[in-house]
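Below: the structure, in structure tokens.
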Amino acid sequence: MYDFTYHRPASLDEAKVLIDENEDAQPLSGGQTLMPVLRARLAMPGALVDLTRIDALRGVNMEGGRIVIGGATTHAEVAQNEQVREHCPALAALAGEIGDPQVRHRGTIGGSVANNDPAACYPSACLALDAEVRTDRRTVPAADFFTAMFETALEPGEIVTAISFAACHDAHYEKFPNPASRFALIAVFAARLGGATRLAVTGGGTGVFRWQEGEQAVDRGEDLAAAPLDEGRFTGDLHASTEYRIHLTRVMAQRALARIG
Amino acid sequence: MGKISLEVNGEDVELDVADNTLLIHALRDHLRLTGAHMGCDTSQCGACTVHIEGQAIKSCAMLAVQAEGRSVTTIEGLADDGEPLHPMQQAFHDNHGLQCGFCTPGMVMIGIDIARRHNVPDAATVRHELEGNLCRCTGYQNIVAAIVEGAAKMEAQP
Chain A
2 MYDFTYHRPA SLDEAKVLID ENEDAQPLSG GQTLMPVLRA RLAMPGALVD LTRIDALRGV
62 NMEGGRIVIG GATTHAEVAQ NEQVREHCPA LAALAGEIGD PQVRHRGTIG GSVANNDPAA
122 CYPSACLALD AEVRTDRRTV PAADFFTAMF ETALEPGEIV TAISFAACHD AHYEKFPNPA
182 SRFALIAVFA ARLGGATRLA VTGGGTGVFR WQEGEQAVDR GEDLAAAPLD EGRFTGDLHA
242 STEYRIHLTR VMAQRALARI G
Chain B
141 MGKISLEVNG EDVELDVADN TLLIHALRDH LRLTGAHMGC DTSQCGACTV HIEGQAIKSC
201 AMLAVQAEGR SVTTIEGLAD DGEPLHPMQQ AFHDNHGLQC GFCTPGMVMI GIDIARRHNV
261 PDAATVRHEL EGNLCRCTGY QNIVAAIVEG AAKMEAQP
């Protein structure tokens with residue numbers, strides 16, 4: 002492993018100072034993506050600032066009917082949390098199927114959202130459930146947060162402190178996992194929010210997106226199989242061709258909607 | 141960071157490690173606990189699985205300094221030399237749940253974690269929960285049988 006310094010602040014204020022002081026500091030959360038990335042030297046920050054022992058970034062609260070999950074809350078904690086299970090069972094189920102048990106014990110929602118892997122699970126729930134990403138500086142609606150694959154609206158040094166979701170019982174996450182990585186080959190988070198259908202797609206290859214033509218087709222009572230789907234959203238690789246991913250999107254969306262009923 | 145304090149297999153340990161030392165390397169090279177194995181170097185195979193505060197994690201995807209103040213359990217911590225094996229270890233022995241044995245420490249540690257979370261899991265649950273552990277001998281049949289039996293033995297213990 003190349004050389005870097007490690008810092009473990011006890012508060013958000015302390016973390017902000019450390020990030021300001023170290024020019025190429027990188028916030029570290031669960032490290033389930035970052036640690037392999039560092040070992041492969043795909044990134045080489047000079048300093049890591051560990052956020053996982055900042056109490057204010059951990060745990061789940063209900064605020065005005067919304068579920069607020071601290072950025073350093075692990076996938077296992079979200080999956081088991083009573084409030085998440087009660088107010089949005091689909092979100093708890095999604096968290097319980099990320100990666101593998103070891104990854105879920107370490108990986109965090111803030112890390113997943115900030116990384117914005119084009120095949121990650123959480124970003125689809127964020128788009129479908131009108132999430133707001135809270136940072137140490139501001140609150141960003143999910144629709145404006147995920148800007149491109151591995152890119153977000155976060156500015157240098159900005160820290161994700163929490164994500165708030167609309168409570169929703171009429172929701173389901175249907176994932177076709179890559180059999181090796183358990184990332185989504187294609188997955189669709191479907192929800193009915195305020196009487197309207199939401200379909201958020203991850204795994205296409207270019208970044209998470211809402212399939213709005215599909216949503217409109219469902220709400221008009223039309224056949225989802227015939228709804229337009231922008232091919233530019235998809236790429237092919239050794240795991241699946243573009244055509245297969247497009248086909249899977251329609252299938253996963255229909256399965257997810259069937260589960261909502 | 142310099143010196144860090146943590147608990148390893150029930151004993152307080154002080155380690156002098158560089159910030160960039162992975163937990164797996166601290167365990168193997170500094171403490172000579174060579175049970176946990178470095179298999180894939182890409183955080184996929186699970187041969188490095190140990191417990192932090194009783195939860196299975198991949199020690200190649202965590203820095204040693206991140207374990208400061210935490211309780212770490214490795215395969216060596218399950219049973220003292222000459223003492224009866226942990227029920228999960230015994231179940232691997234009884235079911236011949238290994239071939240070359242390289243993945244076995246990780247399999248036993250995730251097996252215990254599965255048993256703690258699912259009490260008496262069925263074979264399908266065990267297979268699902270083994271997503272993070274690879275056996276390149278492909279000896280899953282007996283590994284699954286061992287974890288099912290080991291979990292039942294753990295449940296039956298007082």
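So the sequences go chain by chain: A and B.
Residues in the first sequence are numbered from 2 upward in steps of one, following my numbering.
Residues in the second sequence are numbered from 141 upward in steps of one, following my numbering.
Each residue gets a CB set at the ideal place from its N, CA and C atoms; glycine is no exception.
Check the DSSP bridge columns for B/GLY293 and list the partner residues they point to.
The residue you call residue 293 of chain B lines up with position 153 of the second sequence. Here the sequence assigns Lys to residue 293 of chain B, which means Gly is not the residue at that position. B/LYS293 is not bridged to any residue.
Specify, as a first and last residue, the run of the beta strand (DSSP E) that A/ARG135 falls within.
The residue you call residue 135 of chain A lines up with position 134 of the first sequence. Counted as a single uninterrupted DSSP element, the beta strand (DSSP E) harbouring A/ARG135 occupies residues 133-136.
Where A/PHE5 sits in the DSSP three-state scheme
For this step, residue 5 of chain A is matched to residue 4 along the first sequence. In the structure shown, A/PHE5 sits in coil (DSSP, three-state: anything other than H, G, I, E or B).
For A/PRO178, name the three-state secondary structure that DSSP assigns.
For the purposes of this step, residue 178 of chain A is taken as residue 177 along the first sequence, with counting starting at 1. A/PRO178: strand per DSSP, three-state reduction.
Same chain, Cβ closer than 6 Å to A/ASN82, neighbours up to 5 away in sequence not counted
By one-based count along the first sequence, residue 82 of chain A stands at place 81. Same-chain partners within the cutoff: VAL61.
Which stretch, first to last residue, makes up the beta strand (DSSP E) that contains A/SER165?
Taking the first residue of the first sequence as position 1, residue 165 of chain A is located at position 164. Membership of A/SER165 in the beta strand (DSSP E) is indicated by the continuous run 161-167.
Taking the alpha-carbon of A/GLY108 as reference, which of B/LEU274, B/ILE197, B/VAL205, B/ALA264 has the nearest alpha-carbon?
Here residue 108 of chain A refers to the residue found at position 107 when the first sequence is read from its first residue. Of the residues B/LEU274, B/ILE197, B/VAL205, B/ALA264, the one whose Cα lies closest to the Cα of A/GLY108 is B/ILE197.
Verify the CB distance criterion: does A/ASP181 have a CB-CB separation below 9 Å to chain B?
For the purposes of this step, residue 181 of chain A is taken as residue 180 along the first sequence, with counting starting at 1. The sequence shown places Ala at residue 181 of chain A, not Asp. Taking Cβ atoms only, chain B reaches closer than 9 Å to A/ALA181, which makes this a yes.
Using the beta-carbon count (16 or more within 10 Å), is B/ASN149 buried or exposed?
Residue numbering aside, residue 149 of chain B sits at position 9 when the second sequence is read from its first letter. Sixteen is the threshold: when 16 or more other Cβ atoms of the shown chains lie within 10 Å of the Cβ of B/ASN149, as they do, the residue is buried.
Starting from A/MET45, find everything on chain B with Cβ-Cβ shorter than 9 Å and list it in chain order.
Along the first sequence, read from residue 1 onward, the residue named residue 45 of chain A stands at position 44. Here the premise fails: no neighbours, minimum Cβ distance about 11 Å.
Under DSSP, the alpha helix (DSSP H) around B/GLY246 begins and ends at which residues?
Numbered from its first residue, the second sequence carries residue 246 of chain B at position 106. B/GLY246 -> alpha helix (DSSP H) spans 244-258.
Going by beta carbon distance, what residues of the same chain come within less than 7 Å of A/ARG54, once the five residues before and after it are set aside?
To locate residue 54 of chain A, count along the first sequence from 1; it is residue 53. So the qualifying residues of the chain are ARG9, ALA11.
Rounded to the nearest angstrom, how far is the Cβ of B/ARG210 from that of B/LEU146, given a contact under 8 Å?
For the purposes of this step, residue 210 of chain B is taken as the residue at position 70 of the second sequence. For the purposes of this step, residue 146 of chain B is taken as the residue at position 6 of the second sequence. Between B/LEU146 and B/ARG210 the Cβ distance is about 6 Å, and since that is below 8 Å, they are a contact.
Output, in sequence order along the chain, the residues in the segment 95-128 of chain A whose CB is closer than 8 Å to any CB in chain B.
Correct list: GLY100, ASP101, PRO102, GLN103, VAL104, HIS106, ARG107.
If we call anything under 9 Å between Cβ atoms a contact, is B/GLY272 one with B/ILE250?
Within the second sequence, residue 272 of chain B is the residue found at index 132, counting from 1. Within the second sequence, residue 250 of chain B is the residue found at index 110, counting from 1. Cβ distance < 9 Å, so B/GLY272 and B/ILE250 count as in contact.
Could you list which residues in chain B have their beta carbon closer than 9 Å to that of A/ASP4, in chain order?
On the first sequence, position 3 is the one that residue 4 of chain A refers to. Correct list: ALA158, ASP159, ASN160.
Considering only C-alpha positions, which residue in the set A/VAL114, A/ILE110, A/HIS106 is nearest to B/ASP253?
To locate residue 253 of chain B, count along the second sequence from 1; it is residue 113. Checking every option, the nearest Cα to that of B/ASP253 belongs to A/HIS106.
Using a beta-carbon distance below 9 Å, is B/LEU167 in contact with chain A?
If you number the second sequence from 1, residue 167 of chain B lands on position 27. Taking Cβ atoms only, chain A never reaches closer than 9 Å to B/LEU167, which makes this a no.
Taking A/THR236 and A/GLY204 to be in contact with their CB atoms under 8 Å, please state how far apart those CB atoms are, rounded to whole angstroms.
Position 235 of the first sequence, counting from 1, holds the residue named residue 236 of chain A. Position 203 of the first sequence, counting from 1, holds the residue named residue 204 of chain A. Contact annotation, A/THR236 with A/GLY204: C-beta distance approximately 10 Å; criterion of less than 8 Å not satisfied.
Starting from A/PRO142 and walking both ways along the beta strand (DSSP E), at which residues does that stretch end?
Here residue 142 of chain A corresponds to residue number 141 of the first sequence, with the count starting at 1. Where A/PRO142 is concerned, the enclosing beta strand (DSSP E) stretches over 140-142.
Nearest neighbour of A/ALA168, chosen from A/ALA192, A/ASP224, A/VAL161, A/HIS248 [CA to CA]:
Translated into positions along the first sequence, residue 168 of chain A becomes position 167. Measuring from the Cα of A/ALA168, the nearest candidate turns out to be A/ALA192.
If you drop the 5 nearest sequence neighbours on each side, which residues of the same chain put their C-beta closer than 7 Å to that of A/ASP137?
Numbered from 1 along the first sequence, position 136 holds the residue referred to as residue 137 of chain A. Same-chain partners within the cutoff: LEU13, LYS17, GLU159, ILE160, THR162.
Per-residue contacts from B/MET120 into chain A (C-beta, under 8 Å):
The structure shown has nothing for residue 120 of chain B, since chain B only spans 141 to 298.
Any beta carbon from chain A within less than 9 Å of B/GLY186's own beta carbon?
In the second sequence, residue 186 of chain B corresponds to position 46, counting from 1. Answer yes: the Cβ-Cβ gap between B/GLY186 and chain A drops below 9 Å somewhere.
Kindly indicate the opening and closing residues of the alpha helix (DSSP H) around A/ASP21.
Walking along the first sequence from the start, residue 21 of chain A turns up at place 20. Where A/ASP21 is concerned, the enclosing alpha helix (DSSP H) stretches over 13-22.
For A/PHE166, the nearest candidate out of A/GLN103, A/ASP25, A/GLU156, A/THR140 (CA to CA):
Along the first sequence, read from residue 1 onward, the residue named residue 166 of chain A stands at position 165. Check the Cα spacing between A/PHE166 and each of A/GLN103, A/ASP25, A/GLU156, A/THR140: the tightest is with A/THR140.
Does the beta carbon of A/VAL42 come closer than 9 Å to any beta carbon on chain B?
For the purposes of this step, residue 42 of chain A is identified with residue 41 of the first sequence, where counting begins at 1. The sequence shown places Arg at residue 42 of chain A, rather than the Val named in the question. Proximity of A/ARG42 to chain B, defined by a Cβ-Cβ separation below 9 Å, is not satisfied.
If you compare alpha carbons, which of A/GLY66, A/GLY65, A/LEU92, A/ARG67 is closest to A/GLU78?
Taking the first residue of the first sequence as 1, we reach residue 78 of chain A at position 77. For A/GLU78, the nearest C-alpha among the options comes from A/LEU92.
Which residues, taken in chain order from the segment 6-21 of chain A, show a beta carbon closer than 9 Å to some beta carbon of chain C?
Absent here is chain C; the protein component of the structure consists of chains A and B.
Tell me the DSSP secondary structure of A/GLY31 in three-state form.
Walking along the first sequence from the start, residue 31 of chain A turns up at place 30. In the three-state reduction of the DSSP assignment, A/GLY31 falls in the coil class, being assigned neither a helical nor a strand state.
Could you work out which residues of chain B lie near A/ASP51, taking near to mean beta carbons separated by less than 9 Å?
Counted from its first residue, the first sequence places residue 51 of chain A at position 50. The contact set of A/ASP51 on chain B, defined by CB atoms closer than 9 Å, consists of LEU203, VAL205, GLN206 in chain order.
Compute the distance between the beta-carbons of B/LYS293 and B/MET202, then report whether it is under 9 Å.
Numbered from its first residue, the second sequence carries residue 293 of chain B at position 153. Numbered from its first residue, the second sequence carries residue 202 of chain B at position 62. No, the pair does not count as a contact, with Cβ atoms beyond the cut-off.
Can you check whether the CB of A/SER113 is closer than 9 Å to the CB of A/VAL202?
For the purposes of this step, residue 202 of chain A is taken as residue 201 along the first sequence, with counting starting at 1. For the purposes of this step, residue 113 of chain A is taken as residue 112 along the first sequence, with counting starting at 1. Taking C-beta atoms as the reference points, A/VAL202 and A/SER113 fail to come closer than 9 Å.
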